[in-house]
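K.L.:
Going by the working numbering, the sequence shown opens with residue 1364, and the numbers climb by one from there. Backbone N, C-alpha and C define an ideal beta-carbon position, used for all residues, glycine too.
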Amino acid sequence: MNVRPSATSEWPLAQRLAEGFASVLSPNFVLEQLEKHPASIFGLLPDGRLAYVNPAWARFARENGAHVADAPSAWLGQRYLDVIAEPLKPFYAQLFERAPKEGTAMHPVSHVYECSTADIFRQFVMKVYALPKDEGFVVINSLIASRPHDASKGEPQPPNTALYQSTDGLILQCSHCRMVRRADKTRWDWVPAWVEQMPAGTSHGICDVCFEYYYPDDENW
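See the structure below:
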């Protein structure tokens, strides 16, 4: 979320829960259990607006450099897809569309994604639960892998603007794996310094490997 960090160590529930959403959660989800859950959890209204985040979501956002504000108006009511990088919006929109109706399937729709730091490779599984009567969604993001980066990303590269900045002044970073495309378009490199802090003029696209992962042929979905 693109807002300033809170000065408080933990937000009270009233600042994390939209009015009326607690009744939407019941009886499928017990709010007290969501509040204690170690996974990062958020709730959405039917139109995709954020209606709830649990304490683990707030901690994860704060610990990973997201800008989270004191005022609930800065994030409650914000549309989830508005904070998704443009190349990934169609994928996530279809993910929610494919979530089975409550009571019609044994398992929610799920998706494994990467959310790494400069030093640590991390994978999460996102599970999307549709609430009854089409009243919204509960989304649970659980950590499934955490380890130092291996050679799969290639040799880490220094943040050499001359090597990556295109003639129009942009630096293209993959929305998913955070690799950076060279200006001559010959390859994508792992540039840890730009994972911690993106340089000015960064634009987001999607690398060839991630494109194949996120947008395979329809019959493979």
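For Q1561, which option in A1385, L1439, A1481, P1409 has the closest C-alpha, if you only look at C-alpha atoms?
P.N.:
Correcting the residue type first, residue 1561 is Met in the shown sequence and not Gln. The option with the nearest alpha carbon to M1561 is A1481.
K.L.:
Could you give the DSSP three-state label for A1468: helix, strand or coil?
P.N.:
coil
K.L.:
Between the region 1526-1544 and the region 1408-1415, can you find at least three pairs of beta-carbon atoms closer than 8 angstroms?
P.N.:
Not touching, per the Cβ criterion.
K.L.:
How long is the line joining the alpha carbons of A1312 and A1402, rounded to whole angstroms?
P.N.:
Only positions 1364 to 1584 of the chain appear in this structure, which leaves residue 1312 out of reach.
K.L.:
For the alpha helix (DSSP H) that contains Q1425, what are its first and last residues?
P.N.:
Contrary to the premise, residue 1425 reads as Arg rather than Gln in this sequence. 1418-1426 is the extent of the alpha helix (DSSP H) around R1425.
K.L.:
Suppose you measure from the CA of H1512 to the CA of P1495; what does that come to, to the nearest Å?
P.N.:
If you draw a straight line from the Cα of H1512 to the Cα of P1495, it comes to about 41 angstroms.
K.L.:
Span of the beta strand (DSSP E) holding S1386?
P.N.:
Where S1386 is concerned, there is no enclosing beta strand (DSSP E), although the alpha helix (DSSP H) it sits in stretches over 1384-1388.
K.L.:
Along the chain, where does the beta strand (DSSP E) that runs through Y1492 open and close?
P.N.:
It spans 1483-1493 - the beta strand (DSSP E) in which Y1492 sits, taken as one unbroken run.
K.L.:
Using the DSSP secondary-structure output, state which residues sit across from G1406 in a beta bridge.
P.N.:
Beta-bridge pairing by DSSP links G1406 to Y1415, V1501.
K.L.:
Measure the alpha-carbon distance for N1583 versus A1377 and round it to whole angstroms.
P.N.:
Residue placement at N1583 is flagged as unreliable, the pLDDT there being 38, under the threshold of 50; the coordinate-derived value follows with that caveat. Computed Cα separation, rounded: 42 angstroms.
K.L.:
Starting from L1535, trace the beta strand (DSSP E) both ways and give me its first and last residue.
P.N.:
Looking at the DSSP string, the run of the beta strand (DSSP E) that includes L1535 is 1534-1537.
K.L.:
A1434 by DSSP, collapsed to three states: which one?
P.N.:
Model confidence at A1434 stands at a pLDDT of 49, short of 50, so the residue's coordinates are unreliable; what they give is reported in the following sentence. Coil, per DSSP.
K.L.:
Looking only at C-alpha atoms, which of P1390, H1400, N1391, P1418 sits nearest to L1380?
P.N.:
Nearest of P1390, H1400, N1391, P1418 to L1380, Cα basis: P1418.
K.L.:
Is the distance from the Cβ of L1533 to the Cβ of V1543 below 8 angstroms?
P.N.:
Note that the C-beta distance between L1533 and V1543 is not below 8 angstroms.
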